[in-house]
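Quick notes on the structure that follows.
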């Protein structure tokens, strides 16, 4: 189960991680009021959908006036955003995030996944922030630095410092990065996540680290013990067939066409699917 960016940043705030001040809005008027709460511009307005590539599709914009905010909200709310990660129908835009703009000096990447081969939570960091990590792994894998979390010892501050040094951070940035690393690891483990990602994690012109974006994916098998995350579920972003099946606690994967497979294991599923 995926979360929206604004929901991820709400979790970041609970764990004391730095992120821009922002508000999720469902109407143009709310968007204008959010700008007033934040203070003087410029601001950034972002469509909230479960897909990457929003900026290239026009779903993210830096604005300098409330009139621009209203125009953006009127254009996107109730519409569908099509990106390279969606199908031709796109994803519905029910909310936009209005937040303070950040003076960016450099973009980094920090994320974690469950590595099935090592049976560990593995953190990945790179100086190539703002770019899809899959593309970095394919073209410049040496720029991705990895650290595995011991399931018994848990995340350790020295691991955060090690990643910080590999990214070329110095001074207060090492301490800030270590705090963010420890916070993300704590969120990952306490919230039963399958994925957590900050892309980009930026260094501001003032030399501080800020979580400019946030992507969280929860382990659907653990949602029974994560009531807070269950309440954040947005079924409008899911395939309606999969959402309906989930209500009956069924594992259903929507496929194209009109032929389905009923199987009792991953092996049989893969075999019949490929045939």
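In the UniProt record's numbering, the protein residues as written are 1 to 275.
Ideal placement from N, C-alpha and C gives every residue a C-beta, glycine not left out.
Smallest Cα separation from residue i: which of the options?
i	options	result
residue 172	163, 82, 207, 149	207
residue 146	140, 124, 239, 181	124
residue 159	234, 135, 121, 134	121
residue 240	98, 252, 8	252
residue 279	256, 250, 255	Residue numbering for the chain in the displayed model covers 1 to 275; residue 279 lies beyond these limits and cannot be assessed.
residue 178	8, 80, 110, 74	110
residue 217	174, 112, 254, 75	112
residue 20	247, 203, 256	203
residue 9	259, 180, 235	180
Is it buried or exposed for residue i, if we count other Cβ within 10 angstroms and need 16 for buried?
i	result
residue 91	buried
residue 42	exposed
residue 135	exposed
residue 48	buried
residue 105	exposed
residue 199	buried
residue 126	buried
Roughly how many whole angstroms lie between the Cα atoms of residue i and residue j?
i	j	result
residue 233	residue 3	7 Å
residue 70	residue 29	7 Å
residue 23	residue 98	5 Å
residue 59	residue 44	10 Å
residue 57	residue 83	6 Å
Classify residue i as helix, strand or coil using the three-state DSSP reduction.
i	result
residue 111	strand
residue 313	Because the chain here runs from 1 to 275, residue 313 falls outside it and cannot be looked at.
residue 158	helix
residue 176	helix
Looking at the unbroken beta strand (DSSP E) that takes in residue i, where does it start and where does it end?
i	result
residue 323	Nothing can be reported for residue 323: it is not among the residues displayed for the chain, which extend from 1 to 275.
residue 120	120-126
Can you tell me whether residue i sits near the ligand NAD, meaning its C-beta is under 7 Å from at least one heavy atom of the ligand?
i	result
residue 182	Summarising the ligand content, the structure contains no ligands, and the ligand NAD is consequently not present.
Taking the alpha helix (DSSP H) that residue i belongs to, which residues open and close that run?
i	result
residue 61	Here residue 61 belongs to no alpha helix (DSSP H); instead the beta strand (DSSP E) covers 60-63.
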